[in-house]
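Below is one structure, written out as structure tokens, with a few remarks after it.
Protein chains: 2
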Amino acid sequence: MGRWEPNARGRLEQAALELYAERGYEQTPVAEITRRAGLTERTFFRHFADKREVLFAGSGRLAELCAGAVAAAPAAATPMDAAVAALYAAAGVFEERGDLVRLRQSVIDANAELQERELTKLATLSGALAEALRDRGTDDLTARLTAEAAVAVLKVAFEHWIHGSGEQTLRHLLGECVDSLGTAVARGPGAAGSVSG
Amino acid sequence: MGRWEPNARGRLEQAALELYAERGYEQTPVAEITRRAGLTERTFFRHFADKREVLFAGSGRLAELCAGAVAAAPAAATPMDAAVAALYAAAGVFEERGDLVRLRQSVIDANAELQERELTKLATLSGALAEALRDRGTDDLTARLTAEAAVAVLKVAFEHWIHGSGEQTLRHLLGECVDSLGTAVARGPGAAGSVSG
């Protein structure tokens, strides 16, 4: 009690994700998590406000990381280039945490309330990207559309990565999705946009 | 009681949205809604499962309308053209219901839980669009990316329409956003995608 526990946060996260996946998120009390991690509830609440935060504490850091990557992109980079740099930064984190990321996703996929929460976190990420783009001088409309498009790319690439054969890296899939999106939204001669004129 | 009430559903919706906006969604019981509408609670529950459904019953119909527009797009239309046709169909409904749409949005904007629900409905719309595109023979990756991009365009154009000066139609703003997105995600020579190669 009270003494410093090596990697307490990581052990709690690992234990929580395992239990949420095995028994269901709703069915797992904090006491079970701390028992498996060999730590006290007091230690748990020093690291996490509640059991939901184990799943979403990383989302805020991810948004910060992405906004930082946008800010650090070369001045000559287009808004989409800067947003793609942010996606690659995010991909690095996901790939490094591979097994935990997959475990977490299986928990989210099994619970409608957590899925709603996840969508909110993605909307927050989009907002952070848009703000970082505006800070670079990108106009508001372009910033918002680019940020939404980037999050769309991340979502689709991530799903393929999680549910796919596992042969391709997330970074590779991101690159494919960016290219596919560019092709898909290119305005061709028969573009419906002309209908609106 | 029991007799047919002219436009009962519309009157209940109008009364509910007014009350949610005036007093807050949480603070409005169904009894208040029916009192203002001059109808019985029995009539309310014949039309809506609960008070939240007054806000979201239209989302399912919107997804059907959009999927139908994708299916009805000419065979030669690109996936994005078909998705944009769906957006214009949606815009027609929003513009027709103008005041109610604005009232509804002010209610959603004031309540975090309703915002999460709204994001889920947008994800459902994206899923319906993607499915309609796959039914046209679009590959899965392109279908998902196009659907997400279309929903992104709808979100951003809608926000500008709701919070803007009111001088531009939603259809005009949609066209602008489609063009801006096309410009933003076009792969230029300095594109970050090349970093992944």
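Keeping their order, the protein sequence lines are chains A and B. FYI, the numbering for the first sequence is 1 to 197, going by full-length UniProt numbering. FYI, the numbering for the second sequence is 1 to 197, going by full-length UniProt numbering. Glycine included, C-beta positions come from ideal geometry on N, C-alpha and C. Computed from a predicted structure; not experimentally measured.
- Residue nearest to Glu131 of chain B within the set B:Ala85, B:Arg102, B:Cys66 and B:Lys155 is B:Cys66 (criterion: CA-CA distance).
- Of the candidates A:Glu22, A:Arg46 and A:Gly92, the residue whose Cα lies closest to the Cα of Arg36 of chain A is A:Glu22.
- Taking each of A:Ala157, A:Leu119, A:Gly68 and A:Phe158 in turn and checking the Cα distance to Asp135 of chain A, the smallest one comes out for A:Gly68.
- Burial check for Pro29 of chain A: the Cβ neighbour count within 10 Å stays below 16, so the residue is exposed.
- Annotation: Cβ neighbours of Glu148 of chain A in chain B (cutoff 9 angstroms, chain order): Glu148, Ala149, Val151, Ala152, Val153, Lys155, Val156 and Leu181.
- A distance of 8 angstroms or more separates the beta carbons of Arg11 of chain B and Leu55 of chain B.
- For Arg136 of chain A, the nearest beta carbon of chain B is not closer than 8 angstroms to its own beta carbon.
- Interface criterion met: the Cβ of Leu145 of chain B is under 8 angstroms from a Cβ in chain A.
- In the structure shown, the three-state DSSP call for Leu39 of chain A is coil.
- Taking all protein chains shown into account, Gly137 of chain A has fewer than 16 neighbouring C-beta atoms within 10 Å of its C-beta and is therefore exposed.
- Residue B:Ala157 holds the alpha-carbon nearest to the alpha-carbon of Leu141 of chain A among B:Phe94, B:Ala157, B:Arg102 and B:Val185.
- Neighbours of Val185 of chain B in chain A, taken as residues whose beta carbon is under 8 angstroms from its own, are Met80, Thr146, Ala149, Val178, Leu181, Gly182 and Val185 in chain order.
- Going by beta carbons, Val70 of chain B and Leu125 of chain B fall outside the 8 angstroms limit.
- Separation of Glu32 of chain B and Val185 of chain B (C-alpha to C-alpha, rounded to the nearest whole angstrom) is 49 angstroms.
- By the Cβ test, the segment 159–176 of chain A is not in contact with the segment 163–174 of chain B, since fewer than three Cβ pairs between them sit closer than 8 angstroms.
- At a cut-off of 8 angstroms between beta carbons, Thr124 of chain A makes no contact with chain B.
- Exclusion of the five residues before and after Phe94 of chain A leaves Val101 and Leu170 as the residues of its chain whose Cβ lies within less than 6 angstroms of its Cβ.
- The beta carbons of Leu174 of chain A and Leu62 of chain A sit about 14 angstroms from each other, so the pair does not count as a contact at 8 angstroms.
- 8 angstroms or more divides the Cβ of Glu116 of chain B from the Cβ of Glu148 of chain A.
- Within chain A, the residues whose beta carbon sits less than 8 angstroms from that of Arg117 of chain B are Glu116, listed in sequence order.
- By the CB criterion at 8 angstroms, Ala152 of chain B and Leu119 of chain A fall outside the cutoff.
- Residues of chain A whose Cβ lies closer than 8 angstroms to the Cβ of Leu141 of chain B are, in chain order, Val156, His160, Glu176, Cys177 and Ser180.
- Taking a 10 Å sphere around the C-beta of Glu113 of chain A, we find fewer than 16 other C-beta atoms and assign the residue as exposed.
- Around the Cβ of Asp99 of chain B, a 10 Å sphere holds fewer than 16 other Cβ atoms; the residue is exposed.
- Shown here, Asp50 of chain B sits in coil according to DSSP, grouped into three states, outside any helix or strand.
- From the beta-carbon of Thr120 of chain B, the residues of chain A found nearer than 9 angstroms are Ala112, Gln115, Glu116 and Leu119.
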